[in-house]
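Novice: Sharing a structure here in structure tokens format.
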Amino acid sequence: MNGYKKLGIRKLDGIVISHFHDENLGGILSVFKKLDVQKVWDPGGEYDSSLFREYLEALKAKKIQRKALRAEDTIDWGNELFIEVLNPPKFQPSFFSQNDRSVVLLLKYGLVSGLFLGDIEKNGIEEVLRFGNDLSAGFIKIPNHGSISSLDYRLFQFSLPSTAIISPEKECGFGNPDPKLLSYLSSKSIKVFRTDESGTIKIRIFGNNQQDFEINVDQR
Ligand SMILES: [Zn+2]
20 MNGYKKLGIR
30 KLDGIVISHF
40 HDENLGGILS
50 VFKKLDVQKV
60 WDPGGEYDSS
70 LFREYLEALK
80 AKKIQRKALR
90 AEDTIDWGNE
100 LFIEVLNPPK
110 FQPSFFSQND
120 RSVVLLLKYG
130 LVSGLFLGDI
140 EKNGIEEVLR
150 FGNDLSAGFI
160 KIPNHGSISS
170 LDYRLFQFSL
180 PSTAIISPEK
190 ECGFGNPDPK
200 LLSYLSSKSI
210 KVFRTDESGT
220 IKIRIFGNNQ
230 QDFEINVDQR
């Protein structure tokens, strides 16, 4: 949160919420308190948790617009930025877990693409793999805290990223990221940034070529 203040940001045009698990929705209420948020995008539907109910109440109290995202939607964040939604699918099978319903975004700015995979697991990954070579990305946000249940090498074979961002869960101690994932990334010379080691990770995109972006971290 201090990061926003330092950057002089008081208002956010919108926030994308990947899905409704507590660790993903948790920080959002304090964001609503401190910043003027116009709109939220999320996977839609309901979720049975007290945090989700608080979330809906806060949206109502602050008159924040809520919109559900579906595969093939695009989000308009200005002319220069193209954002396509790759998941959840238009018709979500009931067996999809909350993780598999995660919003997945492909962001393009100039010649740089970034892939944000939420916490998708097997089913969500199958949905995303349909996009094949369109998944090509300079950087990729690894799904589900780097856990083994979300490790599918085909994601990397299509996206061929130079950089991977992992957000392991410090407190839960699930042993994430999985050592198999880390050794795969190092065998492919993919640079790794981890929120548990580096704190907030900021990506600045210039877009003149596919690798024309820089990553800044709080601490090293
Ligand atoms: Zn989750």
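Just so we're aligned: the sequence shown equals residues 20 to 239 in this note's numbering.
Virtual Cβ for every residue (Gly too), placed ideally from N, Cα, C.
Find out if the Cβ-Cβ distance for the pair L124, F135 is shorter than 7 Å.
Specialist: In contact: L124 and F135 (Cβ atoms closer than 7 Å).
Novice: Assuming I1 is part of the alpha helix (DSSP H), what are its boundary residues?
Specialist: Past the edges of the chain, shown from 20 to 239, lies residue 1, and the structure says nothing about it.
Novice: Quick one: any contact between the segment 37–46 and the segment 63–81, if contact means 3 or more CB pairs under 8 Å?
Specialist: As far as the Cβ criterion goes, the segment 37–46 touches the segment 63–81, which means the pair count is three or higher.
Novice: Which of the three DSSP states, helix, strand or coil, is assigned to I209?
Specialist: Of the three classes helix, strand and coil, the one that applies to I209 here is coil, per DSSP.
Novice: Could you check what DSSP says for R223 in three-state terms: helix, strand or coil?
Specialist: R223 falls in the strand class under three-state DSSP.
Novice: So N106 and I159 are in contact, right, with Cβ under 8 Å, and what is the actual spacing, rounded?
Specialist: In fact, because the Cβ distance is near 14 Å, the residues do not count as touching under 8 Å.
Novice: Regarding D138 and ligand 1, is the C-beta to nearest heavy atom distance less than 6 Å?
Specialist: Flag set: Cβ of D138 near ligand 1.
Novice: L136 by DSSP, collapsed to three states: which one?
Specialist: L136 falls in the coil class under three-state DSSP.
Novice: Name the one or two DSSP bridge partners that L126 has.
Specialist: L126 is bridged to I102 and G133.
Novice: Pull up the distance between the alpha-carbon of T93 and that of G64, whole angstroms please.
Specialist: Those two C-alpha atoms are separated by around 19 Å.
Novice: Run through DSSP, which three-state label would I185 get?
Specialist: Three-state result, I185: strand.
Novice: Let me know the secondary structure DSSP gives D13 once reduced to three states.
Specialist: This structure cannot speak to residue 13, because the chain is shown only from 20 to 239.
Novice: In the DSSP assignment, the beta strand (DSSP E) including N142 goes from what residue to what residue?
Specialist: No beta strand (DSSP E) holds N142; the alpha helix (DSSP H) holding it covers K141 to L148.
Novice: Using DSSP with H/G/I as helix, E/B as strand and the rest coil, what is K109?
Specialist: Three-state DSSP puts K109 in coil, outside helix and strand.
Novice: Do G33 and K58 have their C-beta atoms closer together than 7 Å?
Specialist: Yes, Cβ-Cβ distance for G33 and K58 is below 7 Å.
Novice: Candidates K141, V104, Q176 and Q111: which alpha carbon is nearest L126's?
Specialist: Among K141, V104, Q176 and Q111, the Cα nearest to that of L126 belongs to V104.
Novice: So does N118 have its beta carbon nearer than 6 Å to some heavy atom of ligand 1?
Specialist: Yes, Cβ of N118 sits closer than 6 Å to a heavy atom of ligand 1.
Novice: Between the C-alpha atoms of K86 and P62, what's the straight-line distance to the nearest angstrom?
Specialist: Rounded to the nearest angstrom, the two C-alpha atoms are 8 Å apart.
Novice: Should the segment 167–187 be regarded as contacting the segment 201–220, the criterion being three or more beta carbon pairs within less than 8 Å?
Specialist: These segments touch.
Novice: Looking at ligand 1, does it come within less than 6 Å of H40, judged from the CB to the closest heavy atom?
Specialist: Yes, the beta carbon of H40 sits closer than 6 Å to at least one heavy atom of ligand 1.
Novice: Kindly list the residues whose CB is nearer than 7 Å to the CB of N152, restricted to its own chain and excluding five residues on each side of it in sequence; keep chain order.
Specialist: So the qualifying residues of the chain are F177.
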